[in-house]
Amino acid sequence: MADDFSDDGTWEWMKEIAEKDINVKIHRNEGPTRLGHTILYDTLVNDYATNDIVMIYHADMYACPNLDTEILKHLERGKVVSATRIEPPLHPDGPEKILKDFGIEPEEFDEQGLLRFVSDHVGTREDETTRGIFAPWAMYKDDFQSIGGHDPLYAPQSKEDSDIFNRFVLAGYDLVQTWKGLVYHMTSRGSRFKDGAMRNPAGQVFMKGRESSEWLAQNLRSTR
C-alpha cells in the first residue's frame, strides 16, 4: 500500500495494519508535493511486489467474496484480467459495470446489502467473461514491466489508465473481464471532490459542478 503525503492519519493507520500482518508492505511519499498514483503504482510494483502476479487496486474498492479466485482462474501470461465493478450512480451506466447504490461514503456503506446482492447476482449471466479493462486489473509483473508501466507524463493522475490500456492492446495482450469476480467501487475518492460525494434531497448522488480546481487542471493537461 502507498500513502501519498497524507495528513489525515492514513499513514498511521497503514502502519498499524503492517504491524499486524507481515505480508503487508507500505510505502510513503514524504512530500513536499503529491506524486499521484501514476507514479506510486509503479513504485509498488517495481520496489515492493515480491510475487509474479500484481494487481492495480484502488483504495475506494471493496473486494467481494472470491475475487482473487475468479481473477486467477483466467490469468496467464499475455493476459490482463479485470474484475467487474458495482458502483453507485455517480457516473452514467454502461454495459461494462453494474449500477447499484450501496453507499458513497464509508460511513454509509451497506456491506450486508452488497453481499446479499452479490450472492444473488453471481452466475446469472450466460457469459462468464467479456473483453474489457478497468481497475482492479491483474497481470504478470514482467508483462507490466516489459511495456514500461505507467507513463509519468500523466502524473499525478487522469488518462494514465487510458494510455496504458492502449499500450496493452498494442503489445497484443488479451483483455479479459470476469463477471464472477466483483468489487464495490465508491468512485472518485481522490482529488475530484475532496470534501466527498453528496446527495440531493431525493437521495440521488451527484458530482456535477463540484470538481476541485486541482482535478480540472490536471485532467485538462492529461487530455492535451
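Letter 25 of the sequence shown, counting from 1, is numbered 25 in full-length UniProt numbering, and no numbers are missing.
For each residue, glycine too, the CB sits at the ideal point set by N, CA and C.
For Ser119, the first and last residue of its enclosing beta strand (DSSP E): Following the DSSP letters along the chain, one finds Ser119 in no beta strand (DSSP E) but inside the alpha helix (DSSP H) bounded by residues 111-121.
Tell me the start and end of each unbroken alpha helix (DSSP H) in the UniProt domain "Glycosyltransferase 2-like" (2-86) that is at least 4 residues and wholly inside, in chain order. If we require 4 residues or more, the alpha helix (DSSP H) runs fully inside the UniProt domain "Glycosyltransferase 2-like" (2-86) come out as 10-20, 37-47, 67-74.
Let's test the definition: count the other Cβ atoms within 10 Å of the Cβ of Ser191 and tell me whether it reaches 16, buried, or not, exposed. Note on Ser191: pLDDT 49, under 50, position unreliable in the model; the coordinate value appears next. So Ser191 counts as buried.
If you follow the beta strand (DSSP E) that Leu99 is in, where does it begin and where does it stop? Run containing Leu99: 97-99, per the beta strand (DSSP E) assignment.
Find out if the Cβ-Cβ distance for the pair Asp176, Thr129 is shorter than 9 Å. Here the sequence assigns Val to residue 176, which means Asp is not the residue at that position. Yes, the pair counts as a contact, with Cβ atoms nearer than the cut-off.
Reduced DSSP secondary structure (H/G/I, E/B, other) of Asp151: Here Asp151 carries a coil assignment [DSSP, helix/strand/coil].
Look at the alpha carbon of Gln145 and the alpha carbon of Asp52, and state the distance between them as a whole number of angstroms. 11 Å
Where DSSP assigns a beta bridge to Trp179, which residues make up the other side? According to DSSP, which records beta bridges pairwise, Trp179 is partnered with nothing at all.
Does the separation of the CB atoms of Ala63 and Thr178 fall below 9 Å? Contact annotation: Ala63 and Thr178 have beta-carbon atoms that are not nearer than 9 Å.
So, with DSSP's three-state summary, where would you put Asp142? helix
Return the chain-ordered list of same chain residues with a C-beta closer than 7 Å to the C-beta of Gly113, the five sequence neighbours on each side being excluded. Phe102
Looking only at its chain, what residues have a beta carbon closer than 8 Å to the beta carbon of Gly149, apart from the 5 residues adjacent to it on each side? Tyr41, Asp42, Val45, Asn46, Ile164
Tell me whether Asp174 sits in a helix, a strand or coil according to DSSP, three-state version. strand
State yes or no: is the C-beta of Arg85 within less than 9 Å of the C-beta of Lys97? Cβ atoms of Arg85 and Lys97: closer than 9 Å.
Cβ-Cβ separation, Val118 to Leu75 (assumed contact under 8 Å), whole Å: Not really, about 21 Å apart at Cβ, beyond 8 Å.
Using the rule of at least 16 other Cβ atoms within 10 Å of the residue's Cβ for burial, across every protein chain shown, is Tyr154 buried or exposed? buried
Classification of Lys143 by the beta-carbon crowding that lies within 10 angstroms, buried from 16 upward: The question names Lys, but residue 143 in the sequence shown is Asp. So Asp143 ends up on the buried side.
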